[in-house]
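Trainee: Heads up: the sequence shown begins at 18 in this note's numbering, then just goes up one per residue. Once you've had a glance at the structure underneath, I'll fire off some questions.
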Amino acid sequence: MSVAGSIANAALDAGEHGYGDFQMFTSNPRSWNSKPLDIDKVGLFKEYCNKYDTIPFSHLPYLFNLASPSEEQRMKSLNLLNDNLKRCDLMGIKYIVVHIGSHLGTGVDKGITRITDAINDNIIDHKVMILFENGAGYNNSVGSNMNEINEIFDKLNSDNIGLCLDTCHAFAAGYDLRDPKKLDFLVDDIKDLGKDKLKLVHLNDAKYELGSGMDRHEHLGKGKIGEEGFINFFSNPFFQKGCFVMETPVDKLGNDYDYNEVSKIISKVNKQLNLDINFR
Ligand SMILES: [Zn+2]
């Protein structure tokens, strides 16, 4: 949801659409620094979240990279995370999604160690849960498979961590969500992270083929995962409840602010499996 005009607008807009949850930025998505929050707008934001009973998720700016070999970049990333954790806390947001980052050619193991050392040494007693998002598997990325995320979870001292599963990224990284058996393997891998670690799904189709490594989202049902792929996805009981957000722009191909695509898919699942999955 857009924060144009005021951060409170994200909650108002989500509420008026009837969404049970939504995602937003709590600082400028393309900058290391942002203006302090306006207390009146924070108050209004909380009021709307309550009134409409909708759960806010924050997304950390894209510059963040704790896996980087550059100390300067890691320091800036830590400041960014700290600042965003404070903003979320003030706004009553319980979860923040972070991209795991890139080791920039120095190797996955070193990347993981840098991330976990930085967080263990500097981010202590955070009230806001940090949700690590699986990556698309582009060159040098860390955390595009569940084994790497599992290793990160193992090495972190904090328990206040969780997973944000992006379906486009998973598909791009080689997880074939269209195949029931392979989807079961992914679910097993997610369960191995610990109890109830999955807190949010980024429900995106993929522009490119399975295993492409490309982080390019497509409107639901209109990409390479496709409608059949998402019917398979929602046929798995593990994905039949929880929080979901779509990360696609309004363009010629679609508008995910309405429920058209997802409701079409859910009603087919309900019909095929004689279920009554509900969403709002
Ligand atoms: Zn995502």
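Quick reminder that beta carbons are idealized off the backbone N, C-alpha and C, glycines included.
Given the structure, does D57 come close to ligand 1, in the sense that its CB is under 7 angstroms from one of the ligand's heavy atoms?
Mentor: No, ligand 1 has no heavy atom inside 7 angstroms of this Cβ.
Trainee: Quick check: is any heavy atom of ligand 1 less than 7 angstroms from the C-beta of D300?
Mentor: Residue 300 cannot be examined here, being either before or after the span of the chain that is shown, 18 to 297.
Trainee: Just to confirm, are V145 and D176 a CB contact at a threshold of 8 angstroms?
Mentor: The answer is no: Cβ separation not under 8 angstroms.
Trainee: Is there contact between the stretch 182–189 and the stretch 147–157, where contact requires at least three CB pairs shorter than 8 angstroms?
Mentor: Short answer: they touch.
Trainee: For the beta strand (DSSP E) that contains M41, what are its first and last residues?
Mentor: M41 -> beta strand (DSSP E) spans D38 to M41.
Trainee: Cβ of E304 versus every heavy atom of ligand 1: is any distance shorter than 7 angstroms?
Mentor: Any property of residue 304 remains undetermined from this structure, which presents the chain solely from 18 to 297.
Trainee: Measuring only from the beta carbon, is H219 closer than 7 angstroms to any heavy atom that is part of ligand 1?
Mentor: Answer for H219: yes, Cβ within range of ligand 1.
Trainee: Going by beta carbon distance, what residues of the same chain come within less than 6 angstroms of Y69, once the five residues before and after it are set aside?
Mentor: Around Y69: G32.
Trainee: Taking all protein chains shown into account, do 16 or more other C-beta atoms lie within 10 angstroms of the C-beta of E264, making it buried, or fewer, making it exposed?
Mentor: When all chains shown are included, E264 counts as exposed.
Trainee: Near G268, which residues of its chain fall below 6 angstroms by C-beta distance, leaving aside the five closest residues on each side in sequence?
Mentor: The sequence given here has Asp at residue 268, not Gly. No residues qualify anywhere along the chain.
Trainee: Measure the alpha-carbon distance for G35 versus V20 and round it to whole angstroms.
Mentor: So the two alpha carbons sit approximately 17 angstroms from each other.
Trainee: Taking G118 as the reference, which of S94, N139 and D100 has the closest Cα?
Mentor: Comparing Cα positions, the closest option is S94.
Trainee: What number of angstroms, rounded off, separates the C-alpha of L29 from the C-alpha of N99?
Mentor: The alpha-carbon atoms of L29 and N99 are separated by roughly 26 angstroms.
Trainee: Beta strand (DSSP E) containing M18: first to last residue?
Mentor: Per DSSP, M18 belongs to no beta strand (DSSP E) and is neither H nor E.
Trainee: Which residue or residues does DSSP assign as beta-bridge partners of S280?
Mentor: Partner(s): none; S280 has no beta bridge.
Trainee: Contact check, S44 vs P78 under 8 angstroms by CB: the rounded distance?
Mentor: Indeed they touch by this definition, with Cβ atoms about 6 angstroms apart.
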